[in-house]
Amino acid sequence: MKDPDLPRRTDEVPGSSGEGRNRSAATKRRFPRRGFLTGTAGAAVGATAVGAGWLVTTLNEAPLVTTVLPTTNKLDHDMLWTTLGTMGGPIASPRRAQPANLLHNADQAILVDAGDGAVDQLGKAGVDLKAVETVVLSHLHVDHTAGLYGVIGRRLQQHIPGKLAIYGPPGTRQEVDRINSSLTYLTELMRAGDGRVADLPPTTVEVTEITDGSTFALGPVHVTAATNSHYGFDSGSTQAARFQSLSFRFDTPDRSIAYTGDTGPSSNVERLAAGADLLVSEIMDPDQTMAGLKASRPDIPAYAEPFIKKHFAKQHLTADEVGLLARRSGAKALVLTHNPLYDANIATARAAIASHFTGPTAFAEDLDNY
Numbered sequence: 001m002k003d004p005d006l007p008r009r010t011d012e013v014p015g016s017s018g019e020g021r022n023r024s025a026a027t028k029r030r031f032p033r034r035g036f037l038t039g040t041a042g043a044a045v046g047a048t049a050v051g052a053g054w055l056v057t058t059l060n061e062a063p064l065v066t067t068v069l070p071t072t073n074k075l076d077h078d079m080l081w082t083t084l085g086t087m088g089g090p091i092a093s094p095r096r097a098q099p100a101n102l103l104h105n106a107d108q109a110i111l112v113d114a115g116d117g118a119v120d121q122l123g124k125a126g127v128d129l130k131a132v133e134t135v136v137l138s139h140l141h142v143d144h145t146a147g148l149y150g151v152i153g154r155r156l157q158q159h160i161p162g163k164l165a166i167y168g169p170p171g172t173r174q175e176v177d178r179i180n181s182s183l184t185y186l187t188e189l190m191r192a193g194d195g196r197v198a199d200l201p202p203t204t205v206e207v208t209e210i211t212d213g214s215t216f217a218l219g220p221v222h223v224t225a226a227t228n229s230h231y232g233f234d235s236g237s238t239q240a241a242r243f244q245s246l247s248f249r250f251d252t253p254d255r256s257i258a259y260t261g262d263t264g265p266s267s268n269v270e271r272l273a274a275g276a277d278l279l280v281s282e283i284m285d286p287d288q289t290m291a292g293l294k295a296s297r298p299d300i301p302a303y304a305e306p307f308i309k310k311h312f313a314k315q316h317l318t319a320d321e322v323g324l325l326a327r328r329s330g331a332k333a334l335v336l337t338h339n340p341l342y343d344a345n346i347a348t349a350r351a352a353i354a355s356h357f358t359g360p361t362a363f364a365e366d367l368d369n370y
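Structure follows, in structure tokens:
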């Protein structure tokens, strides 16, 4: 059962049957095949929840009670934030996809991080790939970027017109160039098969590298980037200039959304998120995550273990640190994602957060909407 004082999913808000039909009709006008969050998408969410419950049972975990923030649907806000994938780290999960999010309405879709399987998660959310014209990457760890190959390659296979704009930290252009290079064979095959010249990926992808303090407009959405502490290199060092992890603030026409990406404690992120209507934050339990990693990879090299322990402890956020970030930034509501916590630890994490931050808080599942 849901917590009695918390609102329902966006597909369960009072009067949702009528509202949902109206919303679907509006979005279908732009995306006739599958609009944003249509009835098909709602069914997919339900199927995912059932499947996840079965998988959790097989893992001897209690089903997670998901709490969702209030009345946040297309009728209430100009743009919706959908958590496409909510797992944290590179280990596969039977119930969570790799990190990916979508900021969208009937006219615009911005993919924020593109973990493995991002295109399939878009499909489950009822969003046609052709709707996504922009990708924003927080950093270049593979759990946040592996799905970019699918985004670019499947656009090519579908002959989707127009350019895909990709924004990301230094190194993004190199990553995209390598993806483009790997698609050369596919492009040549398509040319040989249909006798026409298909666009090579470089003509359909435009990369903009961004850094701390970068600002840019995506239609009516104003985006601000800030470096964070996920990599932990000394400020001013060569490594810090080359390897950057970013957090973002998205100021839409009617609200502000701060997204931490992956980070440890960071005053820079606190400033970025100041007064945000919605803070979407990562969360991690370093000890639990390390124990889980060692259980699944007992042969992990001895030289790697100290580095991994330090990375988990210093360059991610514990529940206490998330609560402090939310309080210090003055965020109005909090959503937790990039979440590798076991279900049994959720209550403890919630209590730790609540000791610092008393605003509405939700532990996101895949395909939740805020």
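Per UniProt numbering, the sequence shown starts with residue 1, numbered consecutively. Beta carbons: idealized from backbone N, C-alpha and C, even for Gly.
- Restricting attention to 162, 113, 311, 127, the CA atom closest to the CA of residue 289 is found in 311.
- Rounded to whole angstroms, the Cβ separation of residue 346 and residue 363 is 6 Å, and the two are in contact under 8 Å.
- A residue is called buried once 16 or more other Cβ atoms fall within 10 Å of its Cβ, and residue 191, having fewer, is exposed.
- Here residue 259 is bridged, per DSSP, to 248, 280.
- If you draw a straight line from the Cα of residue 119 to the Cα of residue 335, it is about 22 Å long.
- Taking C-alpha positions only, residue 228 is separated from residue 325 by approximately 13 Å.
- Contact annotation: residue 110 and residue 136 have beta-carbon atoms nearer than 8 Å.
- Around the beta carbon of residue 189, a 10 Å sphere encloses fewer than 16 other beta carbons of the protein chains shown; the residue is thus reported as exposed.
- Between the region 150–165 and the region 113–129, the count of C-beta pairs closer than 8 Å reaches three or more; the two stretches touch.
- Among the bridge pairs identified by DSSP, residue 222 is matched with 217, 251.
- Less than 8 Å separates the beta-carbon of residue 366 from that of residue 86.
- Its chain contains 110, 134 as the residues whose beta carbon lies nearer than 7 Å to that of residue 218, once the 5 sequence neighbours on both sides are disregarded; these appear in chain order.
- Around the beta-carbon of residue 271, fewer than 16 other beta-carbon atoms lie within 10 Å, marking it exposed.
- Taken in chain order, the complete beta strand (DSSP E) segments of 3 or more residues contained in the region 109–180 are 109–114, 134–136, 164–168.
- Shortest Cα-Cα distance from residue 99 to any of 317, 105, 250, 88 involves 88.
- With 16 or more other Cβ atoms from the protein chains shown falling within 10 Å of its own Cβ, residue 167 counts as buried.
- Residue 85 is bridged by DSSP to 100.
- Around the CB of residue 283, 16 or more other CB atoms lie within 10 Å, so the residue is classed as buried.
- Judged by DSSP in its simplified three-state form, residue 272 adopts helix.
- Residue 362: member of the beta strand (DSSP E) spanning 361–363, first to last residue.
- Put simply, the backbone Cα of residue 355 is about 20 Å away from that of residue 277.
- Judged by their CB atoms, residue 329 and residue 240 are not nearer to each other than the 8 Å cut-off.
- With distances taken between CA atoms, residue 262 lies nearest to 142 out of 184, 78, 142.
- Nearest C-alpha to residue 101 among 298, 353, 286, 116: 116.
- It is roughly 32 Å from the alpha-carbon of residue 178 to the alpha-carbon of residue 294.
- Counting along the chain, the unbroken beta strand (DSSP E) around residue 337 starts and ends at 334–337.
- In this structure, the straight-line span from the alpha carbon of residue 332 to that of residue 344 is close to 27 Å.
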